[in-house]
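Protein sequence lines correspond, in order, to chains A and B.
If you read the first sequence in this note's numbering, its first letter stands for residue 1, the second for the next number, and so on.
If you read the second sequence in this note's numbering, its first letter stands for residue 1, the second for the next number, and so on.
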Amino acid sequence: MIKVEDVTFTHDGAAGPVLDGLNLQIPEGDLVLVIGRTGCGKSTFLNLLNGLVPHFTGGTLAGRVEVAGMDTRTHAPRDLAGVVGTVGQNPRAGFTTDTVEDELAYTMESLGYAPDVMRRRVEETLDMLGLVALRQRPLDTLSGGEQQRVAIGAALTSGPAVLVLDEPTSALDPTAAEEVLAAIQRLVHDLAITVVMAEHRLERVIEFADHVIRLDAPIATLQDPADAMAGHGLQPPVVRLGHALGWDPLPLSVRAARRRAADLRSLPFSAPARRTGAAVLASLAHTGVRYGREDALRDVEVDLRAGQVTALMGRNGAGKSTLMNVLAGTRRPDLGRVAVDGRDPATLQGGDLISRIAYVPQDPTDLFYTDSVAAECAATDRDAGQPAGSALNRLQDLVDTVAVDTHPRDLSAGQQLALALAIQLAATPRIVLLDEPTRGLDYPGKVAFSRWLDRLANLGASVLVATHDVEFVALVGDRVIVLADGEVVTDADVRTALTSSPAFAPQIQKVLSPLPVLTVEEACSL
Amino acid sequence: MSSRWLHPGAWWVWALGLGAAATRTTNPLLLGLIAAVATLVVMARRPQAQWARAFSVFVRLALFAIVIRILFGIVFGLRVGTTTLFTLPSIGLPEWMAGVTIGGVVTAEMVAIAFIQGAQLAVLLICVGAANSLASPVRLLKALPAGLYHVGVAAVVALSLAPRIMINVRRVMQARRLRGRPTRGLRAMSEAAVPVLESSLDDAINLAAAMDTRGYGRTTAVRPGERALQATLVLAGLVGIALGLFAVLGASGWGWALLVIGMALAVGGILVAGRWTARTRYRPDPWRWPETLAAGTGVLAGAAVLLSATGTITVPLTWPTLPLLATTAVLAAALPATFTPPPPMPWSTA
Chain A
1 MIKVEDVTFT HDGAAGPVLD GLNLQIPEGD LVLVIGRTGC GKSTFLNLLN GLVPHFTGGT
61 LAGRVEVAGM DTRTHAPRDL AGVVGTVGQN PRAGFTTDTV EDELAYTMES LGYAPDVMRR
121 RVEETLDMLG LVALRQRPLD TLSGGEQQRV AIGAALTSGP AVLVLDEPTS ALDPTAAEEV
181 LAAIQRLVHD LAITVVMAEH RLERVIEFAD HVIRLDAPIA TLQDPADAMA GHGLQPPVVR
241 LGHALGWDPL PLSVRAARRR AADLRSLPFS APARRTGAAV LASLAHTGVR YGREDALRDV
301 EVDLRAGQVT ALMGRNGAGK STLMNVLAGT RRPDLGRVAV DGRDPATLQG GDLISRIAYV
361 PQDPTDLFYT DSVAAECAAT DRDAGQPAGS ALNRLQDLVD TVAVDTHPRD LSAGQQLALA
421 LAIQLAATPR IVLLDEPTRG LDYPGKVAFS RWLDRLANLG ASVLVATHDV EFVALVGDRV
481 IVLADGEVVT DADVRTALTS SPAFAPQIQK VLSPLPVLTV EEACSL
Chain B
1 MSSRWLHPGA WWVWALGLGA AATRTTNPLL LGLIAAVATL VVMARRPQAQ WARAFSVFVR
61 LALFAIVIRI LFGIVFGLRV GTTTLFTLPS IGLPEWMAGV TIGGVVTAEM VAIAFIQGAQ
121 LAVLLICVGA ANSLASPVRL LKALPAGLYH VGVAAVVALS LAPRIMINVR RVMQARRLRG
181 RPTRGLRAMS EAAVPVLESS LDDAINLAAA MDTRGYGRTT AVRPGERALQ ATLVLAGLVG
241 IALGLFAVLG ASGWGWALLV IGMALAVGGI LVAGRWTART RYRPDPWRWP ETLAAGTGVL
301 AGAAVLLSAT GTITVPLTWP TLPLLATTAV LAAALPATFT PPPPMPWSTA
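Okay, here's the thing in structure tokens:
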């Protein structure tokens, strides 16, 4: 179905090629997972298949890519539109119409399908992806999972042979991710569509893959998932557990691991205690926030304690970002009180603010306003009144190597996060708020990041992390707050919270339940 | 009436008819009536969507227009009328600027005239705002002829970029505050400009890439001769329209003919270009009697006011009365509030 022959691709102005000497053949009807460390060219590879590379991005392409018999050299992305369906990283950014039904029909309209065919295909797609109830909804009122399913549906209606998905579940809560993956699986099974997918969250997808392409391997080939996982730095928890315990074959799914772990579950386990926190640094009392007629937060009571990492979880749109904004003083609550260090955060400005609160928004690039890492760090030192070089030292402490003359926007996701933290921690604030920081981080990146948070908490900071990533919470969290529909439904220590609900259980917990084990390290100590 | 989208063209014709009426009348009662009718219909038939909230922005803009016009009228306006309200210090201007006055006696008549002139613009703004919040820009785009489609997409993307930039500005300003940097003043604005533009440009590039992968801009094979023909037609048409307009304004007899020929050529060019795209339309909005009613009442209101209004303001001012024909026609333009299908509710399942 897809032939990649001797492909080497170099971005304009780049020193070396992103993809070098790639030779692959992807058979029809397979679900292929593209993996590799951040920045190894996963998105570039995916865009090679739909023609955006090189027609839209520019750059130098050598070799040949053929999709369903069409050479991408002679076919522009719009000519491949009927053959390759593409869903980008942020589905919302790619919506071209304003309601679900119109979005589904858009590609067919562009390709000139007959009206009755369009009508039938749209109805079929609505059914297949469970979107019937949403058909007339404006796209901006949909939740993240719903938007992702609409984007997949919109790519499907023109009947493509290949579906290209870039990080389809990274931004989604666990339940929404399951819905999307179930839909993708159904497509592979029922329609024999070839799916090529990149995803950092391997724990969610590895068990569904027929083949894996490791782009950072010396020679990237189509590998069996279990082989690809052996001896690789990007193992999801369940694979790491199997690896650590020497299981063969390596388990890829919770189910496979559970079968092997029967004897482990009967071992005694004394759960190591996590941090309980000290003095209250920030508190919300009966806090409510309304947007128009809708309650974003209702009667929320939360205390944040020093020396603790608190995870803020809940569905997309449950009020996590709103709660963060209230704590940072970006949004004044309509009801109730909020106090940070005894002060109303909305009244804090300048030095008063940065010495109390560090906030890293979902998109860290919002914080950057100069054109190089060095300039950004220098501005930070000036603002915080610290000796020159302090911010840069902090940054180099967080990431091993970063070229100081790089534009902040050209950094990798992990480096951007590090730079944002290096900036925001300048005036040693004790409240650290992080909105979805692990998006775009691979496993090694997450482990490194969790160590920084550990250190911050041990130095007495109160860290609040809004996240969907249960594996990350299992690694670093001390306490979990779950929001649903603007209300706090769980506020408990991490072990109680993550073991009590299957939706929030990390893989290791699912494998070893009823033992309250959360991480691979804990499991290995059994 | 079961809910469906009214043809966006119908709303635009209706709103422009009312808007034309507003520009032709100086009767404050009639102006108020037009604004009330537009507002009533918007309240009754506005869908629940982001773009439909544009109306309140236009209303604020309208009020602003009135205030500005009155201020200008007081300072620079022609000194007419006898009912003195107060006197502003006046600035003597050199003789060659005779006719321009700054400051001086401010009369009730001057304020009233400025108010009426401001209200004309304000009501026109309200009518345009009504069209903007009643007719979905995307559905309007779908109704465009195929040859104009690509230009139309560019226009819609440009329009949708404005609110996105506003959202980006807010986000970047919040982020600036969180970095402990000032959020007001010229320096803050200039420093925020770079990240705002960068993220807006990123948005635009993402959208362009997505549209490309979804077949936007795909053309059928075009013969080179045909492309040249189309370019010639459009160019000649535009030149014809320009010359024609010039001649019409200069009251030359042959202007109208040139205008018509130019338009015909341009339409021909657009039709030729339309044949290149293989685009089809998914469930196009039909034109049925509610569309005719909405467009008709709008045109009628415009025509009736055009016939009965003089368009000049006379001093001394007299209390305005409502002319029967124009009032009835403007009131009739409120009919679409009930006699058109309501827009689909976003949460309905059918």
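Glycine included, every Cβ here is placed at the ideal spot set by N, Cα and C.
With a Cβ-Cβ cutoff of 8 angstroms, do residue i and residue j count as a contact?
i                        : j                         : result
glycine 460 of chain A   : glycine 288 of chain A    : no
glutamine 89 of chain A  : glutamate 167 of chain A  : yes
isoleucine 26 of chain A : isoleucine 2 of chain A   : yes
aspartate 380 of chain A : proline 408 of chain A    : For clarity, residue 380 of chain A is threonine in the given sequence; the question names aspartate instead. No. Outside cutoff.
alanine 68 of chain A    : threonine 107 of chain A  : no
glycine 144 of chain A   : glutamate 179 of chain A  : no
serine 136 of chain B    : tryptophan 51 of chain B  : yes
glycine 94 of chain A    : threonine 125 of chain A  : no
leucine 31 of chain B    : glutamine 120 of chain B  : yes
threonine 83 of chain B  : glutamate 109 of chain B  : yes
glycine 237 of chain B   : leucine 16 of chain B     : no
histidine 286 of chain A : aspartate 299 of chain A  : yes
proline 225 of chain A   : valine 238 of chain A     : no
threonine 157 of chain A : methionine 313 of chain A : no
proline 343 of chain B   : serine 3 of chain B       : yes
glycine 215 of chain B   : serine 110 of chain A     : yes
glutamine 147 of chain A : arginine 92 of chain A    : yes
Are there 16 or more other CB atoms within 10 angstroms of the CB of residue i, so buried, or fewer, so exposed?
i                         : result
asparagine 168 of chain B : buried
alanine 350 of chain B    : Bear in mind that the predicted position of alanine 350 of chain B carries a pLDDT of just 33, short of 50, making it too unreliable to give a figure here.
glycine 342 of chain A    : exposed
glutamine 509 of chain A  : buried
isoleucine 68 of chain B  : exposed
serine 348 of chain B     : Confidence is the limiting factor: at serine 348 of chain B the pLDDT is only 42, short of 50, which leaves the residue's position unreliable, though a coordinate-based value still follows. Flag for serine 348 of chain B reads exposed.
serine 199 of chain B     : buried
valine 489 of chain A     : exposed
isoleucine 113 of chain B : buried
cysteine 524 of chain A   : exposed
asparagine 23 of chain A  : exposed
Taking C-beta pairs closer than 8 angstroms, name the residues in chain A that residue i reaches, listed in chain order.
i                      : result
proline 195 of chain B : Thr365, Asp366, Phe368, Tyr369
serine 136 of chain B  : Asp98
Please determine, among the options, the residue with the shortest C-alpha to C-alpha distance to residue i.
i                         : options                                : result
arginine 149 of chain A   : A:Arg119, A:His189, A:Glu101, A:Thr194 : A:Glu101
serine 513 of chain A     : A:Asn316, A:Asp493, A:Arg259           : A:Arg259
histidine 150 of chain B  : B:Ile270, B:Gly81, B:Thr87, B:Ala122   : B:Ile270
proline 323 of chain B    : B:Leu335, B:Ala301, B:Pro341           : B:Ala301
aspartate 12 of chain A   : A:Pro54, A:Asn50, A:Ala427, A:Ala228   : A:Pro54
leucine 140 of chain B    : B:Trp287, B:Gly268, B:Ala221           : B:Trp287
leucine 425 of chain A    : A:Val463, A:Ser110, A:Met324, A:Val402 : A:Val463
glutamate 487 of chain A  : A:Ala296, A:Gly51, A:Ala384            : A:Ala296
isoleucine 206 of chain A : A:Gln507, A:Glu521, A:Ala497           : A:Gln507
Under 9 angstroms between beta-carbons, which chain B residues line up against residue i? List them in chain order, please.
i                        : result
alanine 81 of chain A    : Asp212, Thr213, Arg214, Gly215, Tyr216, Arg218
asparagine 90 of chain A : Asn206
proline 115 of chain A   : Thr280, Arg281, Tyr282, Arg283, Pro284
proline 361 of chain A   : Arg171, Gln174, Ala175, Leu178
Along chain B, in chain order, which residues have C-beta atoms closer than 7 angstroms to that of residue i?
i                           : result
serine 110 of chain A       : Arg214, Gly215, Tyr216, Arg218, Arg279
phenylalanine 56 of chain A : Ala209, Asp212
glycine 59 of chain A       : Ordered by position in chain B, no residue passes the 7 angstroms Cβ test against glycine 59 of chain A, which lies about 14 angstroms from the chain.
Which residues in chain A have a C-beta closer than 7 angstroms to the C-beta of residue i? List them in chain order.
i                    : result
valine 75 of chain B : By Cβ distance, chain A contributes nothing, its closest Cβ being about 38 angstroms from valine 75 of chain B, past 7 angstroms.
Just checking my contact of residue i with residue j at CB under 8 angstroms: how many whole Å lie between their CB atoms?
i                         : j                           : result
aspartate 478 of chain A  : arginine 274 of chain A     : 4 angstroms
isoleucine 353 of chain B : alanine 44 of chain B       : What the structure shows of chain B is the stretch from 1 to 350, and residue 353 of chain B is not part of that stretch, so it cannot be assessed.
alanine 282 of chain A    : alanine 192 of chain A      : At roughly 54 angstroms, the Cβ-Cβ gap does not stay under 8 angstroms, so alanine 282 of chain A and alanine 192 of chain A are not in contact.
glycine 414 of chain A    : valine 399 of chain A       : 7 angstroms
leucine 421 of chain A    : valine 360 of chain A       : 6 angstroms
proline 77 of chain A     : phenylalanine 45 of chain A : With a Cβ gap of about 15 angstroms, proline 77 of chain A and phenylalanine 45 of chain A do not count as contacting.
Check the Cβ of residue i against every Cβ in chain A and list those closer than 9 angstroms, keeping chain order.
i                      : result
valine 234 of chain B  : Under the 9 angstroms cutoff, chain A gives no residues; its nearest Cβ is about 23 angstroms from valine 234 of chain B.
alanine 192 of chain B : Tyr369
Who are the neighbours of residue i on chain B, taking C-beta pairs under 8 angstroms?
i                         : result
arginine 409 of chain A   : Glu198
isoleucine 423 of chain A : Arg179
asparagine 50 of chain A  : Thr213
CB of residue i to nearest heavy atom of the ligand SAH: below 7 angstroms?
i                        : result
threonine 338 of chain B : In the structure shown, the ligand SAH is absent, as is every other ligand, since no ligand is present at all.
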